[in-house]
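The structure appears right after this line, and notes come after that.
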Amino acid sequence: MDQMEYLHRRQAFGRDEQRESAQQPGDPAQGVHWHSPFGFRWIAVYGAFLLSPFLEACTDDTPTTPAGLDAAVQSAMGITADSARIIIDPHWLTLEGTGATGTLTARVTDADGNAVASPQVTWASADATIATVSEAGNGVGQVTAAGLGKTRVTATYNSVTADATVEVAVPLTDREILEVLYEATGGDGWTDDTNWLSNKDLSEWYGVGMSGDKVDDLRLYDNNLVGTIPPELGGLDELFILSLGDNKLSGPIPPELSKLRRLRDLLLYGNAEISGRLPPELGYTGGLEYLSTDGTNLSGPVPLTFANLDLTHFYFDRDNLCIPAGLEAWLTTVRETEDDYSVCTDQITVDPGSLYFEAPPLGDTARLAAEVITAEGNRVDDATITWSRADTTIATVDSEGLVTAVDYGVTQVTATSDSLTATAEVEVVLTLTDRQVLDSIHQLMGGENWTDTTNWLSEEPLSGWYGVETNDAGKVVSLLLGHNGLAGPMPDILAELGDLVTLDLGGNAITGEVPWALGDLPQLHTLVLNDNALEGRLPESLGSLAALRYLHIGTNELSGVVPRSFRQLALDTLYAAGSGVCVPPSLNEWFVGIGQTDDVDRCVASLAIKVADLSSLTFYAIGESGTLSATHVSAEGDTTHEASATWSSGDAAVASVDVLGKVTAVGEGATEVTASYNSVTASIAVEVALPENDRDVLGILYDRTHGTAWTDGANWLSDEPLSEWAGVETDESGRVVELSLPGNNLRGTLHASISQLDQLVTLDLTRNWITGSIPPEIGNLSRLRDLALSVNGFSGKLPSGLGALASLRKLNMVATSLSGPVPASFAALELDSFLVGGTELCVPPSLATWLGAIPQKDSPPECAARVSVEPSTLTFGAAGQTAHLSVTVVDAEGNVVESPKVTWEAADRLVATVDPTGLVTARAAGITAVAATYASVTAGSAEVAVSLPGSDRAALEALYHATRGDDWKDNTNWLSDKPLEEWYGVQTRGGRVDYLNLGKNNLDGQIPAAIGLLDTLFILDLRGNAIAGAIPPAIGRLQGLRDLTLRDTGLEGSVPPEIGNMKGLEYLSLTNTKLSGPLPETFANLKLDQFYHSGTGLCVPRSLAAWYETLDKPDPLPCIPDTSDRETLTTLYDETGGPGWRDQRNWMTDKGVNTWEGIATDEEGYVTEIFLAWNKLTGSIPPQLGNLARLEVLALYGNDLKGRIPPELATHLPV
């Protein structure tokens, strides 16, 4: 084991370069493990920076000073100005029990490095109740253990001091230490704990390697360890490799690990909650070569004692840890480490970084400690620190950092010293008693209808409540409510009954999923949930119930496979027949070992068919079509979405189906469509039913807009008269004359059959989520007077057929995604109201007079001529290649201009040229725009890319020049002749660039269009730079890009729709940029796993609502139209000292007013709330606020406003 092999590879599941953990040769059983050094870059840092004494230890009797050390490093290592030095050996002394003795030896060297003979050293113990120390002559200190614990022992020679740690502890065997690790890190819930805690030899315990009878290798990476690293691990004195990466460990790294003098590899990466500082004591772990702490929450300076280490690999989180200036020279000696690190500056730290109070009772206290630490890592003992808090209604803090919980919530406490600040988060949470939990269960599960509620909600002891058993402490241990009329979903609050041993809820009417939180009941022995209506999958968390022996889930509506985590359960009994779940083949052996079982299903492969673009596979017109997709689930529960199935139709006279699963209605009737994949088949019913009357048409509306989820669907699809259906009015003959369903959660498309309601006078579908185009057949509703489709996701153009609606008087299309010119046919309409704000509609000049005559209208823009160039993109693979572009010009009236005279121009003639006929010639690598101009003012363009051998280099050079590469923080090898993979931040595969990470590298400028030439790019990270301007549309050429990170930049404008072409994109971060406006409709093409856009002005149009819901994110900022309310708010800003407000976020910007601080609007963009309390407003309240017709809340208290309250506000009675 005299050498290691280090491999470097990027895997598809990571976010950056992946590094393999160190592996000893001859140990193939451990396999190869990969981890991401940057996978946790998003973790906020609130950790404590505790300053520990710096120690020095050498293996030679005559120590030498490492060359090139900064003065601060030498000082921290006990070296005086004249290079005198004191060293204590060992740096950590462990005494086994009270009365035990040991020695510490202080070696003193002079300025020349010569040992001082018989130095007169004085010794002192920081805590004599743990250990005493006496002088034994010749620099030796005799240490005697007085009590269990740790203390610091100091040696002083003249003015030079050094410290060592003395620990008094009961010795543990390696087996006992591993048992401590198991208990401290939730061993019962580990992914693999084979043979742990058994009597088998330690070498047979999972992840343990032995050398003789001592543990020398411990590899438990990616094994679901949860908890803190126990300091007892420092007792494994022969440990060579410690690999705990990619777990859920938390808390600090124990300094006791420095006792592992043989330790070569310490791998703690990917534990996001490991926090605090790197222990200075690690600087004395003599043999350490490989240290990986990336992806943790460690923070502060790397200890100066690390200058002692001869590391070959050092990976750390560059965002959180910093390098003292004195260690930069040392860092250059490390063969592989982080290049883009931060040099430490002075800072203030707060310990702990967060406080957590459980109440009632309120009033508990806890103390925060703050320290000012210099850039070298030294504590400033006489620093003046002041404390403040963000919200005194939640917690207070005194001048000494004592925090008192006042009320429930989250706030921040800040420590300040001069210009330095640090913050700790304070959370006060409500904790429930068992009585309160049972009260909640009664309320949430229909307690008023239970069969037996004896003593429930009374003051009687809980043991007297029906079905409740308690222990001697009064804690609930059994809840026996089977066959008792419980209804509704199981609440997560059940997991608050932490002492629960038996839970029997069988034979009730419980719905919903089995709560994941049940996995938090460590003592649960019996779980009975049979004969309910539970659905969904069994949660993996139940596999961590180490005490569970009896599980009954039979007769439910569950689905999927028994989770693999269940193999950890030592069940005596499992009843699951009729539950809907099955046992996969991989759990057969586990299942056979259970004593009592029933006839539970065994898993087999299955195929499910889903309708991708319709609410059902019922067609209501010949020629209609819908798309099917097939999902294959293996016997193990592994899923293949959009499987390449073979499709067939049972009756081609009713419906046909193509090879991609597209079904088309051919004739009335019913049939089935069948999919086949991997010898598994499935079928779905298809019906073609043509509507014959108003009832049929309303049924189609209900189906296509997901009527089962409507807010009010009273009587719909029933046999009641149509006039009794919610939102429907009929005439005397029963024909529908009004259909009014505003704000009713209609989702889907509006079917053309709506035109068959030929007696309709009013159609109001406002404030819903209807997408797609407006059916042109609506133009057949000759009696229609009011048409309101505002605040929906409608897209496309206004149908010209609406111009035939002679009876139409009101038309409202506000806040939709409609675009293009208002049809010329609208000149025939005699409208009283025409509202199209918040759309992309324009009015042709010929309709200006018509628009002016309408009494109620907003201000749509006038249409201009439009030029379109085809094709919109060109790509050349060689210089000299040519291609023709064609142009179409549509004038402001929407008419195509015959043989338009246009002029052509290339933006960058070094890349491509264009002649007067539109012939484009490729010249050199790059991307440019070729524009066609009509009538001197209107232009359309095409994007032209010239991709030549070496284009990647040209693209990177363009990026360098466009973003002031000479001023980058690191531009190593850029513009040189070296291979691209040697340029800073660049990685290649097969000679092409596939990875570009220039985050936080001082890029300043705009992203050039040439970035689109890097068409093999897999990861692009430009975060944290001063990049401004727009995102170039050419970025849409990066079809293989998986991760795009542009957060924390100055990018502005709208998001180019071309990003929607990036079909491989999974991760997109635009957070904290100046981007604004609606997300492009093309985003519906993306299948993102993660999308971040907080801190921007980006909004989500209703046409993308269904797509956005697939991201499982909080409700987005909705897109709203601009209204005259913006002018009123501008007046408020101007007249109340807006530039001096405490918070004026987004005020006076082009972003939607619903992003302005303190402003809320309705869906149509009208202000409903102004909340600017305590915001340093001055002057007087402007009377123009009376123009805000929909204002409901006005809060301006706590400011310095003067004068009277304008009487104009009296017009708003709701305020």
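Numbering (the numbering used here), first residue to last: 3 to 1217. Ideal placement from N, C-alpha and C gives every residue a C-beta, glycine not left out.
How big is the Cα-Cα spacing for residue i and residue j?
i, j, result
"PHE318", "LEU311", "15 Å"
"TYR986", "ALA790", "57 Å"
"SER561", "VAL583", "5 Å"
"ILE702", "PHE621", "9 Å"
"SER419", "THR386", "6 Å"
"GLY1139", "PRO825", "46 Å"
"ASN457", "GLY466", "7 Å"
"VAL1243", "SER608", "Here the chain comprises residues numbered 3 to 1217, so residue 1243 is not present and cannot be evaluated."
"GLU181", "LEU1090", "43 Å"
"LEU1016", "LEU961", "11 Å"
"ASN116", "THR103", "30 Å"
"SER1126", "PRO778", "31 Å"
"HIS315", "PRO362", "49 Å"
"ILE1183", "GLY1167", "22 Å"
"THR163", "ARG221", "39 Å"
"ASP996", "THR1084", "25 Å"
"PHE42", "ARG1206", "Note that PHE42 scores a pLDDT of 26, beneath 50, so its modelled location is shaky; the value from the coordinates is reported in the next line. Taking the straight line from one Cα to the other gives about 54 Å."
"CYS865", "LYS799", "14 Å"
Within its chain, find whatever has a CB closer than 7 Å to the CB of residue i; leave out the 5 residues flanking it on each side and keep chain order.
i, result
"SER588", "ARG566 and GLU638"
"ALA46", "Only weak support is given to the placement of ALA46: the predicted model assigns it a pLDDT of 25, under 50, and the value that follows is read from those uncertain coordinates. Closer than 7 Å at the Cβ level, and outside the excluded window around ALA46, lies no residue."
"GLY449", "THR455 and TRP458"
"ASP441", "LEU459"
Identify whether residue i lies in helix, strand or coil by the three-state DSSP scheme.
i, result
"PHE318", "coil"
"PHE828", "helix"
"TYR552", "strand"
"TYR704", "helix"
"ARG177", "helix"
"TYR184", "helix"
"HIS35", "Here the model assigns HIS35 a pLDDT of 30, short of 50, so the residue's position is not dependable, and the following value carries that caveat. Three-state DSSP puts HIS35 in coil, outside helix and strand."
"TRP712", "coil"
"THR1157", "helix"
"TRP592", "helix"
"THR425", "strand"
Would you call residue i buried or exposed, if buried means 16 or more other Cβ atoms sit within 10 Å of its Cβ?
i, result
"LYS1153", "buried"
"VAL564", "buried"
"THR1163", "buried"
"PRO823", "buried"
"THR641", "exposed"
"LEU1081", "buried"
"LYS903", "exposed"
"GLY49", "In this prediction, GLY49 scores a pLDDT of 27, lower than 50, which makes its location untrustworthy; the coordinate-derived value is nonetheless stated afterwards. Buried, by the Cβ-count rule."
"SER978", "exposed"
"ASP898", "The residue asked about is misnamed: residue 898 is Val in this sequence, not Asp. Exposed is the call here."
"VAL470", "buried"
"THR818", "buried"
My understanding is that residue i touches residue j, with C-beta atoms under 8 Å, so please give their C-beta distance in whole angstroms.
i, j, result
"GLY1014", "ILE1037", "6 Å"
"LEU804", "GLY840", "Actually they do not touch by this definition, with Cβ atoms about 19 Å apart."
"VAL217", "GLU240", "7 Å"
"LYS1002", "ASP224", "The Cβ separation is near 28 Å, so there is no contact."
"ILE1172", "VAL1155", "In fact, because the Cβ distance is near 10 Å, the residues do not count as touching under 8 Å."
Near residue i, what residues of its chain come up, given a Cβ to Cβ distance below 6 Å and the 5 sequence neighbours on each side ignored?
i, result
"GLN76", "In this prediction, GLN76 has a pLDDT of 47, which is less than 50 and means its spatial position is unreliable; what the coordinates show is noted afterwards. No residues qualify anywhere along the chain."
"ALA806", "GLY781"
"THR1051", "ASN1027, ILE1029 and THR1075"
"THR877", "ALA947"
Suppose the cutoff is 8 Å on Cβ atoms and the five residues either side in sequence are ignored; what does the same chain contact list for residue i look like?
i, result
"GLY669", "ILE624, ALA655, VAL656 and VAL690"
"SER835", "ARG811, LYS812, LEU813, ASN814, ILE856, PRO857, GLN858 and LYS859"
When you measure from the CB of residue i to every non-hydrogen atom of the ligand GDP, does any distance come out below 7 Å?
i, result
"LEU843", "As presented, the structure is devoid of all ligands, the ligand GDP included, so that no description of it is given."
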